[in-house]
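Student: Those protein sequence lines, which keep their order, are chains A and B. Letter 49 of the first sequence, counting from 1, is numbered 139 in this note's numbering, and no numbers are missing. Letter 345 of the second sequence, counting from 1, is numbered 435 in this note's numbering, and no numbers are missing.
Number of protein chains: 2
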Amino acid sequence: MYDFTFYNPTRVIFGRGVFSQLADELARDGVSRVLLLYGGSSVFKTGVYDQITEALRSRGVAYCECPGVKANPVVSKAREAVDIIKSNGLEAVVAIGGGSVIDSAKGIAAAALYDGDIWDFYARKEKIERALPIYAAVTVSATASEANYTSVMTNEELGKKIGLHCELFFPRVAFIDPAAQFTVPERQTISGGIDAICHVLETYFDGAKGLEIQKEYAEGLVRTLIRLIPILRAHPDDYDARAQFAWAAVGALNGTTWAGHPGRGDFASHVMGHAFSAKYDSVHGDTLAVLMPAWMRYVHDRDIKTFARFAERVFGANAESEEERANAGINCLSEFFASLGAPVTLRDLGVPEADLPKLAESAAAGGPIGTLVKLDADAVLEIFKSAY
Amino acid sequence: MYDFTFYNPTRVIFGRGVFSQLADELARDGVSRVLLLYGGSSVFKTGVYDQITEALRSRGVAYCECPGVKANPVVSKAREAVDIIKSNGLEAVVAIGGGSVIDSAKGIAAAALYDGDIWDFYARKEKIERALPIYAAVTVSATASEANYTSVMTNEELGKKIGLHCELFFPRVAFIDPAAQFTVPERQTISGGIDAICHVLETYFDGAKGLEIQKEYAEGLVRTLIRLIPILRAHPDDYDARAQFAWAAVGALNGTTWAGHPGRGDFASHVMGHAFSAKYDSVHGDTLAVLMPAWMRYVHDRDIKTFARFAERVFGANAESEEERANAGINCLSEFFASLGAPVTLRDLGVPEADLPKLAESAAAGGPIGTLVKLDADAVLEIFKSAY
């Protein structure tokens with residue numbers, strides 16, 4: 091097992107009606123002026139906005155608002171939020187939404203206490219020294235951003251989507267009310283589920299050895315998520331299924347699976363997917379549904395035992411040879427994604443074939459990607475072509 | 091799923107040679123005077139004492155020492171440590187040891203900032219408002235005390251062993267070096283492994299419904315621990331096995347398994363075992379090896395589905411009826427404990443049969459114990475008799 095540090099100080103308050111506790115937590119921390127950051131109209135329709143703002147008013151917590159954060163959140167919106175914080179002397183960022191809003195809140199919280207531009211952090215020009223506290227009210231479970239230290243931001247001028255880790259990014263408190271997710275659109279539930287499954291698999295398949303308990307966790311998470319997504323499609327208001335899904339999504343990327351793995355896993359599929367999202371605003375889960383199985387096919391012979399084990403433990407594959415079992419597992423995963431109506435090929439994503447070489451260059455622009463196999467732009471292009 | 095709060099801010103630094111980082115962490119936190127709390131001579135034999143004290147001296151951190159903490163740690167020793175802290179103006183408690191030392195450090199850290207007697211907290215006469223920071227250097231993995239908020243203390247005058255939870259008890263940093271555990275005596279490895287397995291099962295079998303991902307975690311932990319203990323008996327210096335064991339023991343009681351369970355699980359077996367440890371200083375893992383299977387037999391028909399599932403998932407039981415599978419699972423567990431040389435009956439523990447009624451009264455002195463089934467003193471006695 092590789093040496094590691096495990097640290098995750100986020101307090102998760104989970105259950106029915108927990109958003110009303112947000113104001114209490116702010117008051118307890120002595121916070122009296124906050125930014126409310128959110129996306130579109132769903133926070134109004136679900137009543138989450140009313141729940142939170144009523145509680146804030148009753149506790150005398152003042153707030154300014156910055157709506158309009160979109161999927162694949164962009165740095166221009168984040169700059170707008172930073173300006174609001176600075177000109178109003180706000181003390182904390184309250185993110186109401188899913189991964190895009192919470193990821194944005196993290197960069198914003200750091201930039202609010204910095205004189206330069208927020209992109210400096212993502213471009214690795216500047217190290218984050220301070221950040222405002224972040225409170226996350228989750229309305230869509232998928233990325234676990236509410237309980238981890240990762241922020242992914244898109245610079246739409248540069249056409250780049252970049253991830254950043256920082257301990258100051260851990261939300262101070264995350265509020266998860268599964269009932270608030272009954273109305274999450276089916277496509278978003280599916281995309282979020284695929285995202286969570288891929289988070290687990292990218293750590294699972296990084297080639298690290300001697301990590302039995304981490305593998306057990308990972309297999310349990312994937313089995314659970316695979317079981318839950320169809321239940322949620324049929325019964326979007328099944329409280330227990332929503333709760334299981336929300337908690338499994340947290341477990342998929344809160345650090346539990348990657349303890350003892352070098353570099354937290356092999357996130358080549360995510361990095362490849364980001365190239366498409368940055369250029370075409372592709373749905374994150376859609377890119378993964380196509381690229382994760384394609385990546386698995388490309389690399390599986392480098393750790394055939396783990397790929398065969400995955401097939402056995404998750405899909406009950408029992409073919410005689412490891413190679414057959416490994417392939418069966420990849421096929422089962424790909425077929426499961428397809429059964430959810432997710433895209434199967436890059437063509438389905440609406441990407442012109444002629445763009446693939448440039449996208450491969452973009453994905454590997456910072457050098458070869460991945461851990462199990464180091465993929466340069468040529469290797470990435472080969473994967474893209476196999477997935478077209 | 092029940093509503094819950096998950097919170098675990100302990101930073102775990104895991105790997106080879108990590109004890110030398112303890113002084114750096116203290117310096118980073120501005121701590122310059124600490125109490126070193128430890129047990130017997132093993133900290134010298136393993137070199138852990140030297141590693142830590144050399145680093146402290148090189149960093150200019152002053153320390154006083156309180157050796158002699160025993161298994162089933164007693165309040166008189168804790169009082170001695172509190173006196174040393176108060177008379178020397180120490181700022182933190184450094185626990186070097188296993189669960190007994192770390193559990194003691196927690197109560198001591200609170201009592202050091204309190205004018206009354208430490209037992210007031212365990213007797214629920216006083217609430218803990220403040221505590222010194224705790225740093226844990228783990229030399230025996232079992233209880234996960236290094237990464238949770240629980241302290242169990244024995245009052246030898248009153249013949250009581252009582253557990254206490256407090257958020258201020260989370261160690262600030264836990265240092266786990268699997269290599270420092272190569273020389274843990276075989277009996278202690280076994281006892282610790284049984285303790286960790288029972289921690290998982292007491293949450294697993296509390297009757298809570300709709301907790302698929304928690305059940306998956308639990309089954310993975312138990313399978314892993316069952317696989318590891320025999321490996322460690324044969325190869326006590328297998329680094330990967332020690333590392334897996336250490337990390338699984340943390341996972342067994344750091345809160346991961348009990349999220350969404352009411353009251354964190356059904357710890358009736360622990361409470362019953364504490365009655366024996368308080369009176370006869372019985373080894374904690376030995377009491378569990380006897381009482382956990384006896385408790386399972388007594389309650390299994392109240393949640394036959396979960397007992398059958400456990401048998402299938404952990405031991406591959408495939409008998410036709412749920413009742414048969416459930417019984418097979420309990421028998422397999424009991425046989426596994428016996429295969430490790432653990433006691434099988436209360437008679438093996440050396441307990442006089444005539445004492446059982448008093449011990450049952452003592453276990454249920456605070457009212458009926460347990461969640462799946464509420465056990466009064468009569469029910470506890472019935473379990474004791476079945477286990478004699």
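Glycine is no exception: its CB is placed at the ideal position from the N, C-alpha and C atoms. Owing to the predicted nature of the structure, the values given are computational and were not obtained by experimental measurement.
1. Measure the beta-carbon distance from tyrosine 329 (chain B) to alanine 264 (chain B) and round it to whole angstroms, keeping in mind my assumption that it falls under 8 angstroms.
2. Using only the alpha-carbon positions, how far apart do glycine 363 (chain B) and glutamate 410 (chain B) sit?
3. Spell out whether any CB of chain B is found under 8 angstroms from the CB atom of isoleucine 287 (chain A).
4. What residue range is occupied by the uninterrupted alpha helix (DSSP H) comprising threonine 476 (chain B)?
5. Report the neighbours of tyrosine 307 (chain B) on chain A: residues whose CB is nearer than 7 angstroms to its CB, in chain order.
6. Compute the beta-carbon to beta-carbon distance between methionine 386 (chain B) and phenylalanine 295 (chain B), rounded to the nearest angstrom, for a pair I have assumed lies under 8 angstroms.
7. Which same chain residues end up closer than 6 angstroms to alanine 368 (chain B) when comparing Cβ atoms and leaving out the 5 residues on each side of it in sequence?
8. Under 8 angstroms, do tyrosine 307 (chain A) and threonine 347 (chain A) count as touching if we go by C-beta distance?
9. Compare the C-alpha of glutamate 451 (chain B) against each of B:Val470, B:Asp438, B:Ala168 and name the closest.
10. So, glycine 129 (chain B) versus serine 166 (chain B), is the Cβ gap smaller than 8 angstroms?
11. Look at the Cβ atom of tyrosine 92 (chain A), then the Cβ atom of glycine 350 (chain A), and state whether they are nearer than 8 angstroms.
12. Our contact map puts proline 99 (chain B) next to proline 99 (chain A) with C-beta atoms below 8 angstroms; I'd like the distance itself, whole angstroms only.
13. What would DSSP say about asparagine 245 (chain A), mapped onto helix, strand or coil?
14. Residues bridged to histidine 255 (chain A) by DSSP?
15. Taking the straight line between their C-alpha atoms, what separation do you get for leucine 258 (chain B) and leucine 315 (chain A)?
16. Report yes or no: do the region 112–127 of chain B and the region 371–380 of chain B share at least 3 C-beta pairs separated by less than 8 angstroms?
17. My output table needs one value for leucine 301 (chain B): the three-state DSSP class, helix, strand or coil.
18. Taking C-alpha atoms, which residue in B:Leu125, B:Val124, B:Tyr139, B:Phe94 lies nearest to valine 108 (chain B)?
19. Could you give the distance in angstroms between the alpha-carbon of proline 320 (chain B) and the alpha-carbon of leucine 430 (chain B)?
20. Would you check if there are 3 or more beta carbon pairs closer than 8 angstroms linking the region 178–189 of chain B to the region 203–217 of chain B?
21. Identify, in the order they occur along the chain, each residue of the same chain with its Cβ nearer than 6 angstroms to the Cβ of alanine 199 (chain B), setting aside the five sequence neighbours on each side.
22. Going along chain B, which residues have a C-beta under 9 angstroms from glycine 300 (chain A)?
23. Could you check which residue in A:Ile266, A:Val124, A:Phe474, A:Asp391 has the C-alpha nearest to that of alanine 444 (chain A)?
24. Counting Cβ pairs, one atom from each stretch, are 3 or more of them under 8 angstroms apart for the region 394–403 of chain A and the region 412–421 of chain A?
25. Straight-line CA distance for asparagine 162 (chain A) to arginine 277 (chain A)?
26. Ordered along the chain, which non-local residues of its own chain (more than five positions away) have a Cβ less than 8 angstroms from that of alanine 113 (chain B)?
27. If you scan the region 191–246 of chain A from start to end, which runs of the alpha helix (DSSP H) of 4 or more residues do you find wholly inside it?
28. What residues from the region 101–128 of chain A come within 9 angstroms of chain B, judged by C-beta to C-beta, listed N to C?
29. How many whole angstroms separate the CB atoms of alanine 338 (chain B) and leucine 311 (chain B), which I take to be in contact at a CB cut-off of 8 angstroms?
30. If I measure Cβ to Cβ from tyrosine 212 (chain A) and keep anything under 6 angstroms in the same chain, skipping five residues before and after, which residues do I get?
31. Taking the Cβ atom as the reference point for each residue, do phenylalanine 94 (chain A) and glycine 105 (chain B) lie within a distance shorter than 8 angstroms?
32. Measuring CA to CA, which of A:Gly355, A:Leu449, A:Leu322, A:Ile186 is closest to isoleucine 280 (chain A)?
33. Can valine 159 (chain A) and leucine 116 (chain A) be called in contact, C-beta distance under 8 angstroms?
34. Between isoleucine 303 (chain B) and chain A, is any beta-carbon pair separated by less than 8 angstroms?
35. Please classify threonine 273 (chain A): does DSSP put it in a helix, a strand, or coil?
36. Report the partner residues of valine 183 (chain A) according to the DSSP bridge assignment.
Tutor: So, to answer that:
1. Stepping through the second sequence from its first residue, residue 329 (chain B) is reached at position 239. Stepping through the second sequence from its first residue, residue 264 (chain B) is reached at position 174. About 19 angstroms; that fails the 8 angstroms criterion.
2. As a working note, residue 363 (chain B) is residue 273 in the second sequence. As a working note, residue 410 (chain B) is residue 320 in the second sequence. Roughly 34 angstroms between the two C-alpha positions.
3. By 1-based counting over the first sequence, the position of residue 287 (chain A) is 197. Not closer than 8 angstroms to any Cβ of chain B, the Cβ of isoleucine 287 (chain A) fails to qualify, so no.
4. For the purposes of this step, residue 476 (chain B) is taken as the residue at position 386 of the second sequence. According to the sequence as given, residue 476 (chain B) is serine; it is not threonine. Looking at the DSSP string, the run of the alpha helix (DSSP H) that includes serine 476 (chain B) is 467–476.
5. As a working mapping, residue 307 (chain B) is identified with position 217 in the second sequence. The answer, in chain order, is Tyr307, Gly310.
6. The count along the second sequence starts at 1 and reaches residue 386 (chain B) at position 296. The count along the second sequence starts at 1 and reaches residue 295 (chain B) at position 205. With 8 angstroms as the limit, methionine 386 (chain B) and phenylalanine 295 (chain B) qualify as a contact, their Cβ atoms being about 7 angstroms apart.
7. Start at 1 with the first residue of the second sequence, and residue 368 (chain B) comes out as number 278. Taken in chain order, the residues that qualify are Thr244, Gly249, Lys250, Lys251.
8. Position 217 of the first sequence holds residue 307 (chain A). Position 257 of the first sequence holds residue 347 (chain A). Yes, they are a contact pair.
9. As a first step, residue 451 (chain B) is located in the second sequence; it is residue number 361 there, counting from the start. Answer by Cα proximity: B:Val470.
10. As a first step, residue 129 (chain B) is located in the second sequence; it is residue number 39 there, counting from the start. As a first step, residue 166 (chain B) is located in the second sequence; it is residue number 76 there, counting from the start. In this structure, serine 166 (chain B) does not lie closer than 8 angstroms to glycine 129 (chain B) by Cβ.
11. On the first sequence, residue 92 (chain A) is found 2 positions in, with the first residue counted as 1. On the first sequence, residue 350 (chain A) is found 260 positions in, with the first residue counted as 1. Result yes, Cβ atoms of tyrosine 92 (chain A) and glycine 350 (chain A) sit closer than 8 angstroms.
12. Position 9 of the second sequence, counted from the start, is the residue given in the question as residue 99 (chain B). Position 9 of the first sequence, counted from the start, is the residue given in the question as residue 99 (chain A). Their Cβ separation, rounded to whole angstroms, is 4 angstroms, which keeps proline 99 (chain B) and proline 99 (chain A) in contact under 8 angstroms.
13. Against the first sequence, residue 245 (chain A) aligns to sequence position 155. Reduced to three states, the DSSP call for asparagine 245 (chain A) is strand.
14. Residue numbering aside, residue 255 (chain A) sits at position 165 when the first sequence is read from its first letter. According to DSSP, histidine 255 (chain A) bridges with A:Thr240.
15. Working through the second sequence from its first residue, we reach residue 258 (chain B) at position 168. Working through the first sequence from its first residue, we reach residue 315 (chain A) at position 225. Spanning the two alpha carbons is a distance of roughly 34 angstroms.
16. no
17. Position 211 of the second sequence holds residue 301 (chain B). Residue state, collapsed to three classes: coil.
18. Locating residue 108 (chain B) in the second sequence gives position 18, counting from the first residue. It is B:Tyr139 whose Cα lies nearest to the Cα of valine 108 (chain B).
19. What you label residue 320 (chain B) is simply residue 230 of the second sequence in a count that begins at 1. What you label residue 430 (chain B) is simply residue 340 of the second sequence in a count that begins at 1. Spanning the two alpha carbons is a distance of roughly 8 angstroms.
20. no
21. Working through the second sequence from its first residue, we reach residue 199 (chain B) at position 109. Closer than 6 angstroms at Cβ, skipping near neighbours: Val183, Ala221, Leu222, Ile224.
22. Translated into positions along the first sequence, residue 300 (chain A) becomes position 210. Correct list: Tyr329, Asp330, Ala331, Ala333, Gln334.
23. The residue labelled residue 444 (chain A) in the question sits at position 354 within the first sequence. Ranking the options by Cα distance to alanine 444 (chain A), first place goes to A:Phe474.
24. yes
25. For the purposes of this step, residue 162 (chain A) is taken as residue 72 along the first sequence, with counting starting at 1. For the purposes of this step, residue 277 (chain A) is taken as residue 187 along the first sequence, with counting starting at 1. Their backbone Cα atoms lie some 16 angstroms apart in a straight line.
26. The sequence position of residue 113 (chain B) within the second sequence is 23, counting from 1. Ile142, Ala145, Leu146, Ser148, Arg149, Val151.
27. 209–212
28. Arg101, Val102, Ile103, Phe104, Gly105, Arg106, Gly107, Val108
29. Start at 1 with the first residue of the second sequence, and residue 338 (chain B) comes out as number 248. Start at 1 with the first residue of the second sequence, and residue 311 (chain B) comes out as number 221. So it is a contact: roughly 6 angstroms between Cβ atoms.
30. Mapped onto the first sequence, residue 212 (chain A) falls at position 122. Within the same chain, tyrosine 212 (chain A) has close Cβ partners Met243, Ile252, Leu254.
31. The count along the first sequence starts at 1 and reaches residue 94 (chain A) at position 4. The count along the second sequence starts at 1 and reaches residue 105 (chain B) at position 15. In this structure, glycine 105 (chain B) lies closer than 8 angstroms to phenylalanine 94 (chain A) by Cβ.
32. By one-based count along the first sequence, residue 280 (chain A) stands at place 190. Closest option to isoleucine 280 (chain A), Cα to Cα, is A:Leu322.
33. Residue numbering aside, residue 159 (chain A) sits at position 69 when the first sequence is read from its first letter. Residue numbering aside, residue 116 (chain A) sits at position 26 when the first sequence is read from its first letter. Not a contact, by the Cβ cut-off of 8 angstroms.
34. The sequence position of residue 303 (chain B) within the second sequence is 213, counting from 1. Yes, because at least one Cβ of chain A sits closer than 8 angstroms to the Cβ of isoleucine 303 (chain B).
35. For the purposes of this step, residue 273 (chain A) is identified with residue 183 of the first sequence, where counting begins at 1. Three-state result, threonine 273 (chain A): coil.
36. Position 93 of the first sequence holds residue 183 (chain A). Paired residues: A:Leu125, A:Ile224.
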